[in-house]
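S.K.: Using my numbering, read the sequence shown as starting at 122 and increasing by one per residue.
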Amino acid sequence: MNILITGAAGFIGSTLALRLLQRGDRVLGLDNLNDYYDVSLKQARLARLRAYPGFEFEKTDIADRERIARLFTERRFDAVMHLAAQAGVRYSIEDPGAYVDANLVGFANVIEGARRSEVGHFVYASSSSVYGANAKLPFAEDDNIDHPVSLYAATKKANELIAHSYAHLYRLPCTGLRFFTVYGPWGRPDMALFKFTRGILAGEAIPVFNRGDMVRDFTYVDDIVEGVARVIDRPAQADPAWLAFAPKPSSSSAPYRVYNIGNSQPVKLMRYIEVLEQCLGKKAKLELLPLQAGDVPETVADVSRLEAAVGFKPATSVEIGIARFVEWYRSYYQA
Numbered sequence: 122m123n124i125l126i127t128g129a130a131g132f133i134g135s136t137l138a139l140r141l142l143q144r145g146d147r148v149l150g151l152d153n154l155n156d157y158y159d160v161s162l163k164q165a166r167l168a169r170l171r172a173y174p175g176f177e178f179e180k181t182d183i184a185d186r187e188r189i190a191r192l193f194t195e196r197r198f199d200a201v202m203h204l205a206a207q208a209g210v211r212y213s214i215e216d217p218g219a220y221v222d223a224n225l226v227g228f229a230n231v232i233e234g235a236r237r238s239e240v241g242h243f244v245y246a247s248s249s250s251v252y253g254a255n256a257k258l259p260f261a262e263d264d265n266i267d268h269p270v271s272l273y274a275a276t277k278k279a280n281e282l283i284a285h286s287y288a289h290l291y292r293l294p295c296t297g298l299r300f301f302t303v304y305g306p307w308g309r310p311d312m313a314l315f316k317f318t319r320g321i322l323a324g325e326a327i328p329v330f331n332r333g334d335m336v337r338d339f340t341y342v343d344d345i346v347e348g349v350a351r352v353i354d355r356p357a358q359a360d361p362a363w364l365a366f367a368p369k370p371s372s373s374s375a376p377y378r379v380y381n382i383g384n385s386q387p388v389k390l391m392r393y394i395e396v397l398e399q400c401l402g403k404k405a406k407l408e409l410l411p412l413q414a415g416d417v418p419e420t421v422a423d424v425s426r427l428e429a430a431v432g433f434k435p436a437t438s439v440e441i442g443i444a445r446f447v448e449w450y451r452s453y454y455q456a
């Protein structure tokens with residue numbers, strides 16, 4: 122297929138692009154290469170992809186409405202995987218404008234381009250953060266998501282609502298994927314595993330929020346991209362069982378779906394750190410801190426709908442996943 126990936130220099134975007142190229146798809150990657158974190162890491166991810174003749178890259182900001190509109194006029198895509206976004210729950214407290222520009226304006230520009238050029242399937246990244254103040258576990262796609270606790274989460278819920286309106290009005294097949302705490306090689310330096318590894322190797326204290334009393338559904342990046350690739354191949358369809366007087370949020374009379382992608386094996390944060398210590402052969406110094414604004418204490422994914430739809434369920438353990446990350450980190454940084 123001919124696939125557009127926005128955020129192609131990012132952690133998930135570059136890993137997904139590699140997976141699609143290896144199976145024979147053609148990929149056009151977009152990214153604005155901003156300096157939210159180390160641009161050289163983004164360039165190194167792109168260098169892996171440029172080895173494939175089916176890959177093209179364009180430095181573009183999705184908030185540039187005219188450029189995105191022109192792109193969809195000039196090119197035709199079988200599918201769009203929209204991953205470009207301003208990431209990070211905590212940073213959304215510091216710079217909300219960045220989230221409005223990328224996650225709302227940018228999202229609207231890309232989905233409108235997909236609609237006008239009659240893309241076969243519009244797939245986009247949502248987040249487990251949409252579950253917000255909802256404490257019912259595990260999180261399921263039909264649970265209430267009306268109480269986001271960060272602007273980042275609110276923008277991701279808004280993306281799901283915009284996608285449904287496009288699916289309803291224009292019959293554009295739209296699928297949203299709620300990612301749960303993705304980690305692995307080529308990850309983001311602002312995420313916990315990266316920070317912990319760097320801090321432990323440097324002999325520095327690592328910040329542990331909620332005094333370590335956190336549980337996360339850590340999901341290995343290769344599992345994420347396998348699920349995404351399978352979803353791309355199955356455009357959303359209208360749900361014949363959907364009832365307007367008892368509506369399910371996860372599907373619709375429009376070609377619209379929402380799926381969780383998580384390991385569904387929650388891990389305590391202190392166990393996560395313990396495994397990392399074992400892989401590094403070095404003990405961590407812990408700086409125990411209170412729960413940060415915008416964070417939730419626990420996330421667990423119900424992935425039964427994803428498994429039923431595409432025949433796949435993430436299963437990589439943190440013991441395997443963290444070891445692979447450490448191997449990559451030592452090689453990349455000569456640490």
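Just so it is clear, CB atoms sit at the ideal spot from N, CA and C, and this is done for glycine as well.
Report yes if the CB atom of Asp343 is closer than 8 Å to the CB atom of Gly305, and no otherwise.
M.R.: yes
S.K.: Counting only the same chain and skipping the five closest in sequence on each side, list residues whose C-beta sits under 6 Å from that of Ala206.
M.R.: Same-chain partners within the cutoff: Ala223 and Asn224.
S.K.: Less than 8 Å between C-beta atoms, sequence neighbours within five positions excluded: which residues of the same chain meet that for Phe366?
M.R.: Excluding sequence neighbours, Phe366 sits near nothing in its chain.
S.K.: Between Ser452, Gly415, Tyr393 and Lys403, which lies nearest to Gly442 when the distance is taken from Cα to Cα?
M.R.: Tyr393
S.K.: What are the complete beta strand (DSSP E) segments, minimum 3 residues, inside the region 332 to 402?
M.R.: If we require 3 residues or more, the beta strand (DSSP E) runs fully inside the region 332 to 402 come out as 377 to 382.
S.K.: Just the C-alpha distance for Gly308 and Phe132, rounded to the nearest angstrom, thanks.
M.R.: Each residue's alpha carbon lies about 5 Å from the other.
S.K.: Could you tell me the boundaries of the alpha helix (DSSP H) in which Val231 lies?
M.R.: Phe228 to Arg237
S.K.: I'd like the list of long-range same chain contacts for Ser248, defined as Cβ closer than 8 Å, with 5 residues on each side in sequence excluded.
M.R.: Tyr273, Ala274, Lys277, Arg299 and Phe300
S.K.: Can you give the Cα-Cα distance for Cys400 and Val447, rounded to whole angstroms?
M.R.: 7 Å
S.K.: So, for Ile214: in the same chain, excluding its five sequence neighbours on each side, which residues have a beta-carbon less than 8 Å away from its beta-carbon?
M.R.: Ser271, Leu272, Ala414 and Gly415
S.K.: For the region 189 to 200 and the region 160 to 172, state whether three or more C-beta atom pairs, one from each stretch, are separated by less than 8 Å.
M.R.: no
S.K.: How many Å lie between Arg186 and Gly227 at the Cα?
M.R.: Roughly 8 Å separates the two Cα atoms.
S.K.: How many whole angstroms separate the CB atoms of Ile232 and Gly253, which I take to be in contact at a CB cut-off of 8 Å?
M.R.: About 23 Å separates the two Cβ atoms, so there is no contact after all.
S.K.: Could you pull out every residue in the same chain whose Cβ sits closer than 8 Å to the Cβ of Val251, ignoring the five residues on either side in sequence?
M.R.: Ile266, Pro269, Ala274, Lys277, Lys278, Glu281 and Arg299
S.K.: With DSSP as the reference, please indicate the residues paired to Leu409 in a beta bridge.
M.R.: Val329
S.K.: Residues in its own chain within less than 6 Å of Ala235 by CB, not counting five upstream and five downstream?
M.R.: Val201 and Phe243
S.K.: Give me the Cα-Cα distance between Glu440 and Gly218, rounded to the nearest whole angstrom.
M.R.: 38 Å
S.K.: Which first and last residues belong to the alpha helix (DSSP H) in which Ile441 is found?
M.R.: Where Ile441 is concerned, the enclosing alpha helix (DSSP H) starts and stops at Val439 to Tyr454.
S.K.: Glu262 by DSSP, collapsed to three states: which one?
M.R.: coil
S.K.: Taking the alpha-carbon positions, what's the Thr181 to Lys404 distance?
M.R.: 42 Å
S.K.: Where does Gly297 sit, in a helix, a strand or coil, going by DSSP?
M.R.: strand
S.K.: With DSSP as the reference, please indicate the residues paired to Thr127 in a beta bridge.
M.R.: According to DSSP, Thr127 bridges with Leu151 and His203.
S.K.: Taking the alpha helix (DSSP H) that Tyr212 belongs to, which residues open and close that run?
M.R.: Tyr212 to Glu215
S.K.: Leaving out five residues on either side along the sequence, give the residues of the same chain with a beta carbon under 6 Å from the beta carbon of Ile321.
M.R.: Leu401, Lys403 and Ala405
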